């Protein structure tokens with residue numbers, strides 16, 4: 017019975033690790049921002065922003081990761097070996113930065129631009145830790161989203177439900193990464209700090225300068 021429970025928990029955690037992938041976070045943030053500031057964007061701008069984010073922060077980085085896997089540069093797409101994370105992280109940071117520049121063309125998208133710039137910094141912070149340990153990118157991404165939502169809650173008086181969902185998602189993905197033994201508790205905590213701190217600081221400075 018205990019073995020069955022373990023396997024069930026592991027399977028749920030594995031599924032959650034795929035569903036709550038870091039690549040979905042920029043799109044989630046963009047959709048949230050659109051819902052808050054709907055009148056600021058016309059249909060063309062929304063399509064441009066979403067397509068830029070999907071291509072720049074999801075499609076291109078994942079395509080290159082698949083290519084690396086095909087060329088045997090990566091032994092696993094999950095990158096269990098922390099040294100394998102270096103090249104994908106550098107590439108992701110560059111794509112996030114370029115996508116942020118693309119969003120700068122839309123004046124009303126300042127916070128979206130800032131979020132992607134801040135996320136590229138988060139990726140570099142994760143990269144800097146690779147020689148020492150494997151900080152959780154999953155937790156870092158949702159901690160960054162949580163940090164942004166905390167500041168947005170104060171700026172726009174968001175429903176408490178939004179903040180509650182962000183906290184829940186961060187906690188759930190932290191549990192999932194521990195359950196599948198992808199990280200130690202210290203690496204999950206390092207991921208949280210790496211994602212939360214830069215984005216909270218940058219958003220706070222932007223919002224209340």
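In the numbering used here, the protein residues as written are 17 to 225.
Think of the CB as a built atom: it goes at the ideal place given N, C-alpha and C, for glycine as much as any other residue.
What you are looking at is a predicted structure, and each value in this text was computed from that prediction instead of being measured.
Secondary structure of residue i, DSSP reduced to three states
{"i": "residue 199", "result": "coil"}
{"i": "residue 25", "result": "helix"}
{"i": "residue 229", "result": "Nothing can be reported for residue 229: it is not among the residues displayed for the chain, which extend from 17 to 225."}
{"i": "residue 105", "result": "helix"}
{"i": "residue 62", "result": "helix"}
{"i": "residue 67", "result": "helix"}
{"i": "residue 89", "result": "coil"}
{"i": "residue 208", "result": "helix"}
Residues near residue i in its chain [Cβ-Cβ closer than 8 Å; skip 5 each side]
{"i": "residue 165", "result": "48, 174, 178, 179 and 182"}
{"i": "residue 149", "result": "98, 200, 202, 203 and 206"}
{"i": "residue 103", "result": "84 and 89"}
{"i": "residue 220", "result": "167"}
Cutoff 6 Å; reference residue i; Cβ partners in own chain excluding five residues on either side
{"i": "residue 52", "result": "172"}
Outcome for residue i when other beta-carbon atoms lying within 10 angstroms are tallied against a minimum of 16
{"i": "residue 197", "result": "exposed"}
{"i": "residue 159", "result": "buried"}
{"i": "residue 27", "result": "exposed"}
Same chain, Cβ closer than 7 Å to residue i, neighbours up to 5 away in sequence not counted
{"i": "residue 38", "result": "153, 154 and 157"}
Discussion item. Between the region 129-142 and the region 169-189, can you find at least three pairs of beta-carbon atoms closer than 8 Å?
Written reply: no
Item to complete: Give a yes or no on contact between the region 176-183 and the region 54-65, applying the rule of three or more CB pairs nearer than 8 Å.
Response: no
Worksheet item: Hey, is the region 193-207 in contact with the region 142-158, meaning 3+ C-beta pairs nearer than 8 Å?
Response: In short, these stretches touch, since the Cβ pair count reaches three.
Discussion item. Taking 8 Å as the cut-off, does the region 65-75 touch the region 209-217 (at least 3 CB pairs, one atom from each stretch)?
Written reply: Not touching, per the Cβ criterion.
Item to complete: Taking only runs that begin and end inside the region 125-186, name each unbroken alpha helix (DSSP H) of 4 or more residues, in chain order.
Response: 126-145 and 153-172
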